[in-house]
Structures are given as C-alpha cells and as structure tokens.
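For reference, the structure discussed in these notes is given below.
Numbering (my numbering), first residue to last: 208 to 326.
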C-alpha cells in the first residue's frame with residue numbers, strides 16, 4: 208500500500224477486485240501515516256461482511272553498510288570465503304580478503320563460519 212492506495216475507497220476497490228493480502232512497507236512512511244492506513248484498511252474490510260484479507264507488515268531491518276574497499280571493485284564468486292570485521296580500524300581498509308561492516312551486533316548474530324549473503 209502506498210499514498211495512492213490508502214483511502215477507504217481505494218482499499219475497498221482492491222478488496223472488491225480480490226485482494227487478499229495488503230502489504231505495508233515500513234521502510235517508507237511515518238507511523239502516523241501507517242496508523243491512518245491500517246484504520247482505513249479495517250474500515251474497508253469491515254464494510255464487506257465475509258471479506259478475508261490479511262495485513263502484511265514489512266518491517267525495516269538494520270541497514271548494514273560496508274566500509275571503503277582500498278582494492279577498488281571486487282567481484283566475489285558464490286561460495287567465496289572472506290573475513291568480515293566490525294573493527295572500526297578497518298573501516299577504510301577493506302580488500303578482497305576482508306570486508307568491514309558497520310553492524311556492531313554482527314558477532315552475536317552470526318556464528319564464526321556462518322553464512323552471510325551479499326547482494
């Protein structure tokens with residue numbers, strides 16, 4: 208759901224067309240806006256007895272950033288092994304073998320030898 212599809216009328220039109228899941232991306236918008244849209248969604252569903260529509264909330268996760276890579280662009284092949292560090296002294300010293308990430312909870316979130324998917 209977005210700004211153009213957030214009124215009771217527009218949500219009702221989608222429900223009448225067969226929408227059975229409404230997705231809200233919490234990476235965009237304010238809590239006040241989301242509160243309004245959820246209220247509108249509830250009103251639109253309530254106006255249609257027997258209507259079954261789920262509300263999916265896509266919550267924002269942590270934004271994890273890499274540090275500077277002094278080796279320039281590096282391409283990693285699937286299955287490559289690389290050392291990942293959250294040590295600030297490596298923030299501007301990344302290379303093909305070592306990547307800095309600014310997510311300080313990484314060591315308690317991923318076990319040594321665990322998989323990290325990079326896109």
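Ideal Cβ placement from N, Cα and C applies to all residues, glycine included.
Note that the structure is a prediction, hence the values are computed from the model and not measured.
Secondary structure at residue 230: strand, using DSSP grouped into helix, strand and coil. Remark: three or more beta-carbon pairs, one from each stretch, lie closer than 8 Å, so the region 262-271 and the region 222-237 are flagged as touching. DSSP places residue 259 in no beta strand (DSSP E); its state is neither H nor E. Residue 291: member of the beta strand (DSSP E) spanning 290-292, first to last residue. Contact annotation: residue 227 and residue 259 have beta-carbon atoms nearer than 9 Å. Two segments are said to touch when three or more pairs of C-beta atoms, one from each, lie closer than 8 Å; by this definition the region 239-258 does not touch the region 281-289. If you compare the alpha carbons of 209, 220, 257 with that of residue 242, the shortest gap goes to 209.
For the 9 Å CB-CB criterion, residue 309 and residue 271 form a contact. DSSP places residue 238 within a helical segment (H, G or I) once states are collapsed to three. When secondary structure is reduced to three states using DSSP, residue 301 falls in the strand class. One thing to note: residue 306 has its Cβ within 9 Å of the Cβ of residue 273. In the three-state reduction of the DSSP assignment, residue 308 falls in the strand class.
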